[in-house]
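A.B. asks:
Number of protein chains: 2
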Amino acid sequence: MDYLSDERKKSDFDVEAMKVAWAGSIQEFQLSDRMAKLVANDPVFEKFTRPMLGRKELLKNTLRKSAHAWKLIIDLRLSEEEAKWLRLYVDEPAYTDLHWGMFIPAIEGQGTEEQKKKWLPLAKKMQIIGCYAQTELGHGSNVQGLETTATFDTRTDEFIMHSPTLTSSKWWPGGLGKLSTHAVVYARLIVGGQFHGVHGFIVQLRSLEDHSPLPGITVGDIGLKFGNGAYNTMDNGVLRFDHVRIPRNQMLMRVSQVTKEGKIMQSDVPRQLIYGTMVYVRQTIVADASKALSRAVCIATRYSAVRRQFGSRDGGPETQVIDYKTQQSRLFPLLASAYAFRFVSEWLKSLYLDVKQRLEANEFSTLPEAHACTAGLKSLTTTATADGIEECRKLCGGHGYLVSSGLPELFAVYIPACTYEGDNVVLMLQVARFLVKTVSELGHKKPVGTTAYMGRVASLMQKNSAVQTAEGWLNPGAVVEAFESRAARMAVRCAQELAKFGNPEEGFAELAVDLVEVAVSHCQLIVVTKFFEKLQQDIPGKGVKESLEVLCYVYALFLLHKHQGDFLATGYLTPKQASLANAQLRTLYSKVRPNAIALVDSFSYTDHYLGSILGRYDGNVYPKLYEAAWEDPLNDSDVIDGFHQYVQPILKQRLHSAKL
Amino acid sequence: MDYLSDERKKSDFDVEAMKVAWAGSIQEFQLSDRMAKLVANDPVFEKFTRPMLGRKELLKNTLRKSAHAWKLIIDLRLSEEEAKWLRLYVDEPAYTDLHWGMFIPAIEGQGTEEQKKKWLPLAKKMQIIGCYAQTELGHGSNVQGLETTATFDTRTDEFIMHSPTLTSSKWWPGGLGKLSTHAVVYARLIVGGQFHGVHGFIVQLRSLEDHSPLPGITVGDIGLKFGNGAYNTMDNGVLRFDHVRIPRNQMLMRVSQVTKEGKIMQSDVPRQLIYGTMVYVRQTIVADASKALSRAVCIATRYSAVRRQFGSRDGGPETQVIDYKTQQSRLFPLLASAYAFRFVSEWLKSLYLDVKQRLEANEFSTLPEAHACTAGLKSLTTTATADGIEECRKLCGGHGYLVSSGLPELFAVYIPACTYEGDNVVLMLQVARFLVKTVSELGHKKPVGTTAYMGRVASLMQKNSAVQTAEGWLNPGAVVEAFESRAARMAVRCAQELAKFGNPEEGFAELAVDLVEVAVSHCQLIVVTKFFEKLQQDIPGKGVKESLEVLCYVYALFLLHKHQGDFLATGYLTPKQASLANAQLRTLYSKVRPNAIALVDSFSYTDHYLGSILGRYDGNVYPKLYEAAWEDPLNDSDVIDGFHQYVQPILKQRLHSAKL
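Going line by line, the protein sequences match chains F and S. Here the first sequence is numbered in the UniProt record's numbering, starting from 1 and rising by one per residue. Here the second sequence is numbered in the UniProt record's numbering, starting from 1 and rising by one per residue.
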């Protein structure tokens with residue numbers, strides 16, 4: 001029985017074609033679909049009971065799933081791409097994530113050919129398990145502030161790894177605490193008493209025989225994290241070294257080398273490669289944002305169609321909450337954002353491939369722009385997604401607070417994305433710095449890529465919006481120009497303010513908040529522009545492009561309303577024009593409404609992956625919530641453990657003699 | 001060793017006097033302080049291990065604490081006021097909360113004298129345990145939509161309590177699942193086949209002998225909720241009736257009565273009393289908001305002073321993150337909000353006492369305004385607090401994600417406040433409806449209380465801001481007028497838009513989003529105004545009032561900047577004036593900075609109550625984080641349970657023969 005079938009009939013576009021548009025291609029769709037179903041149909045990957053497990057059981061359960069997944073990968077001879085999708089759909093942070101996602105790439109990126117030949121086969125067969133040990137108890141974003149030392153001992157041709165202070169303890173690395181046998185450890189290289197920068201070192205942590213920590217190594221789990229299951233399935237770790245010796249050839253030496261004699265050599269490998277890796281990692285984070293947000297939106301949208309509240313006439317059923325404008329105005333912009341982030345991540349992927357090709361040809365000119373743009377989009381999309389998941393939870397009313405809604409876990413497991421791989425505020429400041437530089441160089445350097453609009457800054461500073469009706473806003477040129485004008489004017493104004501400071505760094509510190517706002521306006525422009533560019537492409541399927549157009553305008557006009565202060569303050573819009581945009585937005589919500597369920601069905605998520613009773617495909621929410629309640633351990637018996645000891649004495653007025 | 005002593009020396013006001021200002025009076029301060037210390041020094045109330053417990057153990061632990069607290073209350077002959085503070089500092093949702101907070105007040109408010117005489121002594125001695133069973137699986141905010149029935153049977157002089165559908169199952173009531181022996185159940189009264197509204201009934205659920213559920217009653221816990229401990233210490237419950245009979249005199253009959261013959265009678269007790277209760281409950285929620293937000297702010301502020309990142313010069317220590325403007329611009333407005341909410345809750349309490357007096361004299365004229373204002377402030381402050389706690393967590397960087405930071409638990413336990421006692425959006429729509437009505441009646445009815453400014457609407461629509469310098473914003477008149485103008489203009493404009501609709505309800509539905517914005521602007525005005533009014537009072541202590549003045553301007557100008565779109569769109573401010581406000585805000589942050597630690601010390605929270613390693617009074621964060629890590633059960637052994645079964649076979653390439 002499909003309780004949402006009426007909703008599905010309302011939509012006016014081809015859902016199967018939209019699934020392909022969302023996935024990127026028919027091949028991507030099929031691949032993802034195959035892996036999703038493989039996981040969903042395998043009882044080992046069941047995840048409903050996860051939040052009820054104690055920490056030890058929880059981790060053990062994850063170990064079992066990881067082993068089972070690895071067995072499937074081997075038995076079914078899955079490709080690396082297929083394995084990646086499989087792990088994604090298992091949907092549980094595990095030590096293997098960091099092994100594949102950070103340890104191996106670190107060796108691939110920073111190891112010499114010899115090192116790769118030695119370590120990669122071991123790692124890729126999982127004969128060793130590795131993690132990425134960078135952050136320390138007292139040091140996060142600032143890599144140059146790390147305290148762990150790697151001191152070269154010429155006598156023995158070894159590095160001595162050491163944790164000189166408590167705050168130098170490695171802290172946070174996933175997989176470090178209980179599972180990893182090896183780590184890439186970042187430490188201050190000391191040769192001949194001199195500091196030579198922070199470098200990566202491959203260090204064995206545990207015996208390959210009995211898994212016990214090696215001498216001189218103190219390693220453990222850092223304790224519970226946010227959420228019932230969430231990242232508690234991962235053994236984020238603490239690590240201290242007490243003068244641990246490793247051979248010289250375990251320093252990752254692709255860029256810098258230390259010779260037997262203690263000489264530091266630099267290879268001709270460009271250091272910019274490290275930015276290439278950052279661009280890669282951050283574009284995957286943007287793709288993950290669209291995935292996480294779309295899951296939350298799928299749950300909230302389906303449940304908003306199931307749930308009814310108020311507005312009953314003549315004893316008939318109450319109104320579906322999705323029909324309330326207040327619900328639509330919070331939900332539909334998030335739905336639109338999920339699509340917007342999906343398309344901008346698709347574009348970012350192509351940007352990364354372009355950068356990679358150029359780097360291989362020693363061409364670095366586009367790198368700063370690509371770096372700024374990826375950093376900014378990482379910040380923008382993860383912030384919006386974290387907030388959006390919680391908003392979706394609130395949109396589900398009280399029931400969103402139940403773990404069985406799936407939303408608390410989704411929130412708890414997602415929010416670290418705002419902090420890892422660059423704190424979101426720190427990243428926006430980097431973007432701002434780049435934008436200010438771009439403005440200051442306008443006279444003699446042509447801005448490229450996503451900053452190309454800055455080349456038209458004179459015109460953008462003068463022209464004001466020509467929109468005169470609500471319909472006038474349904475025009476890509478009008479919308480994009482508004483966002484370009486806002487971003488350009490804010491950047492120029494901030495650059496002028498900065499110029500008033502004698503010391504530029506002082507100005508930068510003082511105006512940091514305004515600079516972040518400038519960066520945000522620039523990044524929002526990128527997302528809006530890339531969505532419109534996507535709509536220029538051929539997107540097959542009845543009604544697909546039209547539905548996406550509506551979402552694109554929802555995304556843009558929602559932002560315009562939310563930040564109308566910027567648009568008005570810069571003088572590009574009049575209050576009347578801002579108000580027309582808001583009126584158009586209301587109309588757009590009505591256009592989204594009949595397609596809402598089909599638009600979330602197009603994500604093609606299995607009920608297993610969603611992990612939410614509220615978001616069930618069939619809308620059969622209440623009977624399943626009711627059933628699920630009885631699974632709680634508290635319901636094992638009618639009378640609860642502790643009643644006779646701690647409650648009966650109260651009821652019987654015998655508390656004075658009770659043993660508490 | 002006090003690692004924050006330098007910070008404490010920087011402040012320029014009398015912290016002890018500020019503690020009194022925060023508490024409300026010296027008596028309140030002493031009472032609260034005494035109870036806080038009583039709890040903090042009692043090992044039974046230890047809460048560090050709480051998040052590591054499984055559900056059953058967790059609840060059992062709570063039962064123990066509740067019994068111990070009740071024993072203390074009896075042994076020490078604590079007053080009701082003292083008992084309330086004690087339970088607050090135990091800081092753990094428990095079944096007793098609903099017994100004291102909802103069950104007893106429901107009987108007090110809706111019971112007849114006879115009913116009160118029978119039930120209150122039992123309840124107050126805890127010979128019975130009660131809860132408040134209103135919401136159902138399919139029905140939340142809309143009380144009139146409840147499905148549970150109470151059908152009067154004249155033959156036996158009984159009501160038959162019944163759950164006719166699955167969605168009519170009572171769902172959510174705290175304390176219902178495993179502990180309560182009784183409940184006040186809200187049900188549709190059916191007499192002679194006719195529906196006579198929703199009423200409350202006292203129903204016994206469990207045997208007073210062996211605590212087993214009575215015949216016809218299905219009762220249990222609804223399962224896990226958000227967070228590691230949080231509300232999982234509470235047995236929120238599900239309840240179904242299968243034709244359960246209760247005597248007629250267990251209907252709460254203060255307002256409506258059913259006679260033996262099945263006649264419905266109305267007493268002369270004014271129905272407005274129910275709004276009086278709502279005003280009471282919601283003003284306590286506003287007070288709780290200031291408490292929760294101030295805890296989060298205290299943690300984030302102290303840790304921001306401890307934590308250093310970047311900006312080291314010549315190998316010296318890195319910069320304290322509290323010195324970054326980006327950190328200040330997120331943290332200090334929350335600090336100011338905590339104070340603002342504290343003072344507005346103090347005022348709300350006096351408003352409630354006034355309303356109560358008037359109700360007792362059958363004077364209802366101020367009730368609608370008091371009701372709207374409390375509903376709006378509940379919505380405004382709980383939304384800001386929920387978001388603010390998560391913002392504080394982000395402000396602590398990665399370590400905020402650790403449960404030992406205290407912030408994940410604080411968030412998880414707080415967020416239901418946005419949903420219970422009126423969904424925040426639904427409440428704002430009620431406020432908006434009241435404001436629109438106020439505007440429409442301006443010709444013939446003088447607006448009272450917090451809407452009095454509407455009486456000056458003509459002038460507020462015309463006058464524009466006269467501020468010409470950044471210093472010009474340091475003027476209560478200028479700030480309040482800006483907020484009044486914005487609120488009045490938005491309300492009038494929205495009323496005009498509404499008037500264009502033939503059907504007012506249709507207009508209300510279509511413009512709901514704009515109406516919510518109107519309500520928000522009105523509520524922000526109230527908080528700003530009450531803060532300035534507080535500053536008119538005598539506040540003793542060196543520098544106390546001056547520090548609060550700075551916070552008041554921070555709160556107001558932060559809102560002004562955040563919502564500058566409103567101020568500009570309504571034409572009251574020019575972009576230049578908005579920009580001057582923003583410049584003044586930056587200056588104010590610098591004034592807050594030296595007082596920041598002292599301002600959070602003034603909340604006078606014990607380390608026990610804060611429950612956060614990051615927020616420790618002595619700032620000794622890193623050694624304590626390191627120590628705490630080893631308490632995780634995963635660290636019980638060097639090699640983890642599950643390693644030999646699920647990891648060793650991978651490392652040894654023997655996965656094919658492993659039993660997973």
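Where is the CB? At the ideal position from N, CA and C, for every residue including glycine. In this text, all values refer to a predicted model and were calculated from it rather than measured experimentally.
Got a sec, what are the start and stop residues for the beta strand (DSSP E) residue 131 of chain F sits in?
C.D. replies: Taking the first sequence and counting its residues from 1, the one referred to as residue 131 of chain F is at position 131. Its beta strand (DSSP E) spans residues 130-133.
A.B. asks: Report the residue ranges of all alpha helix (DSSP H) runs contained in full by the segment 295-362 of chain F; include only those spanning at least 4 residues, in chain order.
C.D. replies: Whole alpha helix (DSSP H) segments, 4+ residues: 325-360.
A.B. asks: Let me know the secondary structure DSSP gives residue 276 of chain F once reduced to three states.
C.D. replies: Stepping through the first sequence from its first residue, residue 276 of chain F is reached at position 276. Note: residue 276 of chain F maps to helix in three-state DSSP.
A.B. asks: Do you know whose CA, among S:233, S:260, S:255, lies nearest residue 221 of chain S's CA?
C.D. replies: Translated into the one-based positions of the second sequence, residue 221 of chain S becomes position 221. Measuring from the Cα of residue 221 of chain S, the nearest candidate turns out to be S:233.
A.B. asks: Taking the alpha-carbon positions, what's the residue 545 of chain F to residue 344 of chain F distance?
C.D. replies: Along the first sequence, read from residue 1 onward, the residue named residue 545 of chain F stands at position 545. Along the first sequence, read from residue 1 onward, the residue named residue 344 of chain F stands at position 344. When rounded, the distance between both Cα atoms is 16 angstroms.
A.B. asks: Thinking C-beta only, is residue 526 of chain S closer than 8 angstroms to residue 450 of chain S?
C.D. replies: Here residue 450 of chain S is taken as the residue at index 450 of the second sequence, counted from 1. Here residue 526 of chain S is taken as the residue at index 526 of the second sequence, counted from 1. Yes; because the gap between Cβ atoms is below 8 angstroms, this pair is in contact.
A.B. asks: Counting only runs that start and end within the segment 207-279 of chain S, where is the alpha helix (DSSP H) found for 4 or more residues in a row?
C.D. replies: Within the segment 207-279 of chain S, no complete alpha helix (DSSP H) run reaches 4 residues.
A.B. asks: Just curious, the alpha helix (DSSP H) that residue 462 of chain F is in, first and last residue?
C.D. replies: Here residue 462 of chain F corresponds to residue number 462 of the first sequence, with the count starting at 1. Residues 457-462.
A.B. asks: Is the CB-CB distance between residue 175 of chain F and residue 99 of chain F below 8 angstroms?
C.D. replies: The residue you call residue 175 of chain F lines up with position 175 of the first sequence. The residue you call residue 99 of chain F lines up with position 99 of the first sequence. In contact: residue 175 of chain F and residue 99 of chain F (Cβ atoms closer than 8 angstroms).
A.B. asks: Using DSSP's beta-bridge definition, name the partner residues of residue 153 of chain F.
C.D. replies: As a position in the first sequence, residue 153 of chain F is number 153, starting the count at 1. F:158, per the DSSP bridge assignment.
A.B. asks: Check whether chain S comes within 8 angstroms of residue 555 of chain F, counting only Cβ atoms and requiring the distance to be less than that.
C.D. replies: Taking the first residue of the first sequence as position 1, residue 555 of chain F is located at position 555. Not an interface residue.
A.B. asks: Residues in the same chain with beta-carbon distance under 7 angstroms from residue 613 of chain S, minus the five sequence neighbours each way, listed in chain order, please.
C.D. replies: Numbered from 1 along the second sequence, position 613 holds the residue referred to as residue 613 of chain S. Closer than 7 angstroms at Cβ, skipping near neighbours: 404, 405, 621, 624, 625, 628.
A.B. asks: Identify the contact partners of residue 329 of chain F in chain S, using a Cβ-Cβ distance below 7 angstroms as the criterion.
C.D. replies: As a working note, residue 329 of chain F is residue 329 in the first sequence. Correct list: 513.
A.B. asks: Quick check on the burial criterion: 16 or more other C-beta atoms within 10 angstroms. Buried or exposed for residue 424 of chain S?
C.D. replies: If you number the second sequence from 1, residue 424 of chain S lands on position 424. So residue 424 of chain S ends up on the buried side.
A.B. asks: For residue 662 of chain S, does the three-state DSSP call read helix, strand or coil?
C.D. replies: For residue 662 of chain S there is no data in the structure shown, the boundaries of chain S being 1 and 660.
A.B. asks: Considering only C-alpha positions, which residue in the set F:50, F:635, F:440, F:91 is nearest to residue 38 of chain F?
C.D. replies: Against the first sequence, residue 38 of chain F aligns to sequence position 38. Answer by Cα proximity: F:91.
A.B. asks: Report yes or no: do three or more beta-carbon pairs, one from the segment 283-299 of chain F and one from the segment 334-344 of chain F, lie closer than 8 angstroms?
C.D. replies: Judged by Cβ distances under 8 angstroms, the segment 283-299 of chain F makes contact with the segment 334-344 of chain F, as three or more pairs qualify.
A.B. asks: At 3 residues or longer, what runs of the beta strand (DSSP E) sit wholly inside the segment 388-427 of chain S?
C.D. replies: With a minimum length of 3 residues, no continuous beta strand (DSSP E) run stays inside the segment 388-427 of chain S.
A.B. asks: Who are the Cβ neighbours of residue 346 of chain S in its own chain at under 7 angstroms, not counting the five residues just before and after it?
C.D. replies: The residue labelled residue 346 of chain S in the question sits at position 346 within the second sequence. Result list for residue 346 of chain S: 24, in chain order.
A.B. asks: Taking only three categories from DSSP, how would you classify residue 143 of chain F?
C.D. replies: Start at 1 with the first residue of the first sequence, and residue 143 of chain F comes out as number 143. Residue 143 of chain F: helix per DSSP, three-state reduction.
A.B. asks: DSSP on residue 548 of chain F, reduced to helix/strand/coil?
C.D. replies: Numbered from 1 along the first sequence, position 548 holds the residue referred to as residue 548 of chain F. Three-state DSSP puts residue 548 of chain F in a helix.
A.B. asks: Identify which residue in F:547, F:192, F:322, F:486 has its Cα closest to the Cα of residue 14 of chain F.
C.D. replies: On the first sequence, residue 14 of chain F is found 14 positions in, with the first residue counted as 1. If we check each option's Cα against that of residue 14 of chain F, F:547 comes out closest.
A.B. asks: Which residues, taken in chain order from the segment 105-139 of chain S, show a beta carbon closer than 9 angstroms to some beta carbon of chain F?
C.D. replies: The residues in question are 125, 126, 127, 128, 129, 135, 137, 138, 139.
A.B. asks: Output needed in chain order: residues of the segment 601-631 of chain F with a Cβ under 8 angstroms from some Cβ in chain S.
C.D. replies: Here the close residues are 622, 623, 625, 626, 628, 629, 630, 631.
A.B. asks: Which residues in chain C sit within 7 angstroms of residue 461 of chain S, going by Cβ to Cβ distance?
C.D. replies: Chain labels in this structure do not include chain C; the protein chains are F and S.
A.B. asks: Quick check on the burial criterion: 16 or more other C-beta atoms within 10 angstroms. Buried or exposed for residue 321 of chain F?
C.D. replies: Within the first sequence, numbered from 1, the residue matching residue 321 of chain F stands at position 321. Buried.
A.B. asks: Which value, in whole angstroms, describes the spacing of the CA atoms of residue 553 of chain F and residue 585 of chain F?
C.D. replies: Looking up residue 553 of chain F in the first sequence gives position 553. Looking up residue 585 of chain F in the first sequence gives position 585. Roughly 8 angstroms separates the two Cα atoms.
A.B. asks: Can you pull the chain F neighbours of residue 221 of chain S, defined as C-beta to C-beta under 8 angstroms?
C.D. replies: Mapped onto the second sequence, residue 221 of chain S falls at position 221. Within 8 angstroms Cβ-Cβ: 629, 632, 634, 635.
A.B. asks: Name the chain S residues whose beta carbon is nearer than 8 angstroms to that of residue 149 of chain F?
C.D. replies: Stepping through the first sequence from its first residue, residue 149 of chain F is reached at position 149. Here the premise fails: no neighbours, minimum Cβ distance about 14 angstroms.
A.B. asks: Measure the Cβ-Cβ separation of residue 54 of chain F and residue 227 of chain S and say whether it is below 8 angstroms.
C.D. replies: In the first sequence, counting from the first residue as 1, residue 54 of chain F sits at position 54. In the second sequence, counting from the first residue as 1, residue 227 of chain S sits at position 227. No.
A.B. asks: Do we get a CB-CB distance below 8 angstroms when we pair residue 59 of chain F with the residues of chain S?
C.D. replies: Looking up residue 59 of chain F in the first sequence gives position 59. Output row for residue 59 of chain F: interface = yes.
A.B. asks: What first and last residue would you give for the beta strand (DSSP E) that runs through residue 191 of chain S?
C.D. replies: Translated into positions along the second sequence, residue 191 of chain S becomes position 191. Looking at the DSSP string, the run of the beta strand (DSSP E) that includes residue 191 of chain S is 182-191.
A.B. asks: Hey, residue 327 of chain F and residue 395 of chain F: beta-carbon distance below 8 angstroms or not?
C.D. replies: On the first sequence, residue 327 of chain F is found 327 positions in, with the first residue counted as 1. On the first sequence, residue 395 of chain F is found 395 positions in, with the first residue counted as 1. Yes, Cβ-Cβ distance for residue 327 of chain F and residue 395 of chain F is below 8 angstroms.
A.B. asks: Can you pull the chain F neighbours of residue 52 of chain S, defined as C-beta to C-beta under 7 angstroms?
C.D. replies: Taking the second sequence and counting its residues from 1, one reaches residue 52 of chain S at position 52. Those are 55, 224, listed as they occur along chain F.
A.B. asks: So within the segment 606-635 of chain F, which uninterrupted alpha helix (DSSP H) runs reach at least 4 residues, ignoring any that extend past its ends?
C.D. replies: Runs of the alpha helix (DSSP H) inside the segment 606-635 of chain F: 607-610, 621-629.
A.B. asks: Please report the straight-line C-alpha distance between residue 132 of chain S and residue 181 of chain S, rounded to a whole angstrom.
C.D. replies: The residue given as residue 132 of chain S occupies position 132 in the second sequence. The residue given as residue 181 of chain S occupies position 181 in the second sequence. One C-alpha to the other measures close to 12 angstroms.
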